[in-house]
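Take a look at the structure set out below.
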């Protein structure tokens, strides 16, 4: 497979991390549903535990099926490696808990998935990790929020739900100037639309539940390390650069110059918090990734048609899609997301709250549920669901109103989706009469 | 551990996860171009926990070792011998990968009484580098890193990966080379290291001076240092040859097979 350069995206989506099974010849990735792996000898066992050899011991720490997924996502993101987790939230928690502890501080975009906001604002604060939220485009705000105790800058490639495009090159440079890594949630864009690592991000995670899996079947997450951040040079991360009593005094940055973060995250985070992925889940996500390039192209194509339709409707007050010139992130999107801005976006419906309810309930093809990135089209009302724990001020900071409707455009015939929306808008209009 | 090598800046050597003890038989691991000690950590840990003392060095100007990179294989061989002095080591097994294998060869030839074993991995002699690659390394080193990285790996799914499951070798090795390149502001380290390999012309004379047993560990699908390019040097060294299913990045692509070969070589 060696050549003048690494294989292209579509090839990696099918082959990275997987080869025919040497034991059986199976061409597809086998599902290794086993808790544990037999040692060749006592010496072999000891050497695996002591990291003298590579291999699998116990599926909470690593598993051959999960390893294929981890390598594949790392390959697609341009990273050095990855860890599969029980969910996207588990991936975010793993990233933070590997780098931060009581007394640590995070600077995060205010335009986050509601669950991430909950974790940062409420739950981690209970454990002594505090967060300052800043508007993603407010670079001075990011800079001003950094403290001596800051350990991480964090944002989403496309902020939820307003789709603010994170200026990754600028925020990453700011982070690096302060000896800090930038963590990016790339769930909405997937590496097919953008590789945050190429723009300077150090850590990337996905809710693989969404586009990577693509079929709305499993919950999972993946955390990718670019291998680019120099933890020793930073001097802010004794967790990675000083002896760790929990693993025989191991200094992770000595063990692996570019994989220190993943070593600690696996050897501590997966081992102790245990938010691992089922191998069956990993297999289903791998099935999804094999068609990711095809699906993402169709997601974007359908979304553009739906956005164009909605833009001409009098019941629609505003559409938050960065490909539209009216979107505040339009220029940045053209630079960072030339292939498209994904298939999740929000629009504001004119009229009363009752009209909004009428609209959602009139839809036949769009499913009303709390997910995105399914092959089927989805709809939700963020203010009453995904973001309902946020107060009015936090909602406003996140760009959400009572009339905001979020769509996740699937792979159906675009004409059918438009007909569904057209009918629902008409019913919503009548509901206001 | 940090060592004060006479005539040089402070040098770093990874000791395999245990404190260094010069009383034990010593194994010195010498990395290749644009790499550092971390390409050896599994083998180094195994040795350190199986009766050896370990020095997996960062060459000058690479990784944690300060100073400018040294100009030739010969200079690097002298530096390795000076490092042994600094560590209080009289004799050692010398294990090198790629450019490091030439350094190990030259060091063993310069002080044959100090080399207990010579293990050359991913090696060839002469280790010529094409003019086109040298030019790319000089002018667009990041492009050259991508090219070499693709050449260095035999496939897209080396198992069980290195240093553990979940590592994407192409990405990790690229990141390591970029890290090394970025660590040298004054010198284009990629071009420097490849030029060092290309210029070395003392291999057969060095082979004639070797007194210790020699093992070559080669990747069957190595496109950087093809096993075909080792015939003359293997004959001159009267070396035992181990071939593993891997490319040039054999310690990462086939860690168990390389360990098995190293165990044979050291015992």
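Chains as they are written, first to last, in this note's numbering: chain A, 1 to 433; chain B, 1001 to 1267. Yeah, the Cβ is synthetic: ideal placement off N, Cα and C, and Gly gets one too. These figures come from a predicted structure and were not determined experimentally.
Spatial distance of residue 1130 of chain B from residue 1179 of chain B (CA atoms): Position 130 of the second chain, counted from the first residue, corresponds to residue 1130 of chain B. Position 179 of the second chain, counted from the first residue, corresponds to residue 1179 of chain B. Residue 1130 of chain B and residue 1179 of chain B: Cα-Cα distance of roughly 24 Å.
Contacts of residue 258 of chain A in chain D (Cβ-Cβ under 7 Å): As a matter of chain content, chain D is missing from the structure shown, whose protein chains are A and B.
Proximity test, residue 396 of chain A beta-carbon vs the ligand COA heavy atom, cut-off 7 Å: For the structure depicted, the ligand COA is absent and the ligand set is empty, with no information on it obtainable.
Enclosing beta strand (DSSP E) for residue 1097 of chain B [first to last residue]: Stepping through the second chain from its first residue, residue 1097 of chain B is reached at position 97. It spans 1092-1097 - the beta strand (DSSP E) in which residue 1097 of chain B sits, taken as one unbroken run.
Neighbourhood of residue 179 of chain A by C-beta, 7 Å cutoff - its chain only, sequence neighbours within 5 removed: The residue given as residue 179 of chain A occupies position 179 in the first chain. Excluding residues within five positions, the ones whose Cβ falls inside 7 Å are 234, 235 and 236.
Where residue 146 of chain A sits in the DSSP three-state scheme: Locating residue 146 of chain A in the first chain gives position 146, counting from the first residue. Residue state, collapsed to three classes: coil.
Three-state class that DSSP yields for residue 1 of chain A in the structure shown: The sequence position of residue 1 of chain A within the first chain is 1, counting from 1. Note that residue 1 of chain A scores a pLDDT of 41, beneath 50, so its modelled location is shaky and nothing firm can be said.
Of the listed residues A/222, A/265, A/218 and A/280, nearest to residue 240 of chain A (C-alpha basis): The sequence position of residue 240 of chain A within the first chain is 240, counting from 1. For the residues A/222, A/265, A/218 and A/280, the minimum Cα distance to residue 240 of chain A belongs to A/265.
Minimum Cβ-Cβ distance from residue 1225 of chain B to chain A less than 8 Å: In the second chain, the residue the question calls residue 1225 of chain B occupies position 225. Residue 1225 of chain B does not count as touching chain A.
Inter-residue Cα distance where the pair is residue 274 of chain A and residue 1165 of chain B: Looking up residue 274 of chain A in the first chain gives position 274. Looking up residue 1165 of chain B in the second chain gives position 165. The straight-line gap from Cα to Cα measures roughly 16 Å.
For residue 80 of chain A, the three-state DSSP class (helix, strand or coil): Within the first chain, residue 80 of chain A is the residue found at index 80, counting from 1. In the structure shown, residue 80 of chain A sits in coil (DSSP, three-state: anything other than H, G, I, E or B).
Residue range of the alpha helix (DSSP H) that includes residue 255 of chain A: Residue 255 of chain A sits at position 255 when you count from the first residue of the first chain. First-last of the alpha helix (DSSP H) with residue 255 of chain A: 252-255.
Which listed residue (A/161, A/46 and A/362) has its alpha carbon closest to that of residue 404 of chain A: If you number the first chain from 1, residue 404 of chain A lands on position 404. Considering only alpha carbons, the answer is A/161.
When B/1153, B/1175, B/1033 and B/1097 are compared against residue 6 of chain A, the one with the closest alpha-carbon: Against the first chain, residue 6 of chain A aligns to sequence position 6. The shortest C-alpha separation from residue 6 of chain A is found at B/1153.
Separation of residue 1266 of chain B from residue 199 of chain A, as counted between CA atoms: Indexing the first chain from 1 puts residue 199 of chain A at position 199. Indexing the second chain from 1 puts residue 1266 of chain B at position 266. Rounded to whole angstroms, residue 199 of chain A to residue 1266 of chain B spans 45 Å at the Cα level.
Chain-order list of residues whose beta-carbon lies under 6 Å from that of residue 1 of chain A (same chain, five-residue window excluded): Against the first chain, residue 1 of chain A aligns to sequence position 1. In this prediction, residue 1 of chain A scores a pLDDT of 41, lower than 50, which makes its location untrustworthy; the coordinate-derived value is nonetheless stated afterwards. No residues qualify anywhere along the chain.
Proximal chain B residues relative to residue 168 of chain A, where beta-carbon distance stays under 7 Å: On the first chain, residue 168 of chain A is found 168 positions in, with the first residue counted as 1. Neighbours of residue 168 of chain A on chain B: none; closest Cβ ~18 Å, over 7 Å.
Reduced DSSP secondary structure (H/G/I, E/B, other) of residue 211 of chain A: As a first step, residue 211 of chain A must be located in the first chain, where it is residue number 211. Residue state, collapsed to three classes: coil.
Beta-carbon proximity list for residue 54 of chain A, same chain, < 7 Å, skipping 5 on both sides: Walking along the first chain from the start, residue 54 of chain A turns up at place 54. Excluding residues within five positions, none has a Cβ falling inside 7 Å.
Residue environment, residue 1123 of chain B, which counts as buried when at least 16 other CB atoms sit within 10 Å: As a first step, residue 1123 of chain B must be located in the second chain, where it is residue number 123. By the neighbour-count rule (16 or more Cβ atoms within 10 Å), residue 1123 of chain B is buried.
Chain A contact for residue 1104 of chain B (CB, 8 Å cutoff): In the second chain, residue 1104 of chain B corresponds to position 104, counting from 1. No - not a single Cβ of chain A is within 8 Å of the one on residue 1104 of chain B.
Test: residue 13 of chain A CB closer than 8 Å to a CB of chain B: Translated into positions along the first chain, residue 13 of chain A becomes position 13. No, residue 13 of chain A lies away from the interface with chain B (no Cβ there is under 8 Å from its Cβ).
Beta-carbon proximity of residue 100 of chain A to residue 152 of chain A, cut-off 8 Å: Here the question's residue 100 of chain A lines up with position 100 in the first chain. Here the question's residue 152 of chain A lines up with position 152 in the first chain. Against a cut-off of 8 Å, the Cβ pair of residue 152 of chain A and residue 100 of chain A comes out as a contact.
Alpha-carbon spacing of residue 1246 of chain B relative to residue 1194 of chain B, whole angstroms: In the second chain, the residue the question calls residue 1246 of chain B occupies position 246. In the second chain, the residue the question calls residue 1194 of chain B occupies position 194. Answer to the nearest angstrom: the Cα atoms are 21 Å apart.
Option nearest residue 1218 of chain B by Cα separation, candidates B/1255, B/1145, B/1050 and B/1079: Counting from 1 along the second chain, the entry for residue 1218 of chain B is found at position 218. Cα-wise, what sits closest to residue 1218 of chain B is B/1255.
Cβ of residue 403 of chain A within 8 Å of any chain B Cβ: Position 403 of the first chain, counting from 1, holds the residue named residue 403 of chain A. Answer no: the Cβ-Cβ gap between residue 403 of chain A and chain B never drops below 8 Å.
Pairwise C-alpha distance: residue 33 of chain A and residue 1013 of chain B: Within the second chain, numbered from 1, the residue matching residue 1013 of chain B stands at position 13. Within the first chain, numbered from 1, the residue matching residue 33 of chain A stands at position 33. Rounded to whole angstroms, residue 1013 of chain B to residue 33 of chain A spans 41 Å at the Cα level.
Where the alpha helix (DSSP H) containing residue 410 of chain A begins and where it ends: Mapped onto the first chain, residue 410 of chain A falls at position 410. Per DSSP, residue 410 of chain A belongs to no alpha helix (DSSP H) and is neither H nor E.
N-terminal and C-terminal residue of the beta strand (DSSP E) that residue 1217 of chain B is part of: Taking the first residue of the second chain as position 1, residue 1217 of chain B is located at position 217. Looking at the DSSP string, the run of the beta strand (DSSP E) that includes residue 1217 of chain B is 1214-1219.
Enclosing alpha helix (DSSP H) for residue 1170 of chain B [first to last residue]: In the second chain, the residue the question calls residue 1170 of chain B occupies position 170. Residue 1170 of chain B -> alpha helix (DSSP H) spans 1169-1183.
Contact between the stretch 254-271 of chain A and the stretch 1037-1048 of chain B (3+ Cβ pairs under 8 Å): yes
Continuous beta strand (DSSP E) stretch holding residue 1053 of chain B: start and end: Counting from 1 along the second chain, the entry for residue 1053 of chain B is found at position 53. Unbroken beta strand (DSSP E) run through residue 1053 of chain B: 1053-1057.
Residue of A/246, A/281 and A/169 minimising C-alpha distance to residue 272 of chain A: Taking the first chain and counting its residues from 1, the one referred to as residue 272 of chain A is at position 272. The candidate whose alpha carbon is nearest that of residue 272 of chain A is A/246.
Contact set between residue 1117 of chain B and chain A, taken where Cβ atoms lie within less than 7 Å: Numbered from its first residue, the second chain carries residue 1117 of chain B at position 117. Residues of chain A passing the Cβ test: none, with the nearest at roughly 19 Å.
C-alpha distance - residue 346 of chain A paired with residue 322 of chain A, whole-angstrom precision: On the first chain, position 346 is the one that residue 346 of chain A refers to. On the first chain, position 322 is the one that residue 322 of chain A refers to. When only Cα atoms are considered, residue 346 of chain A and residue 322 of chain A end up about 11 Å apart.
Residues of the stretch 276-300 of chain A whose Cβ lies closer than 9 Å to any Cβ of chain B, in chain order: Answer in chain order: no residues at all.
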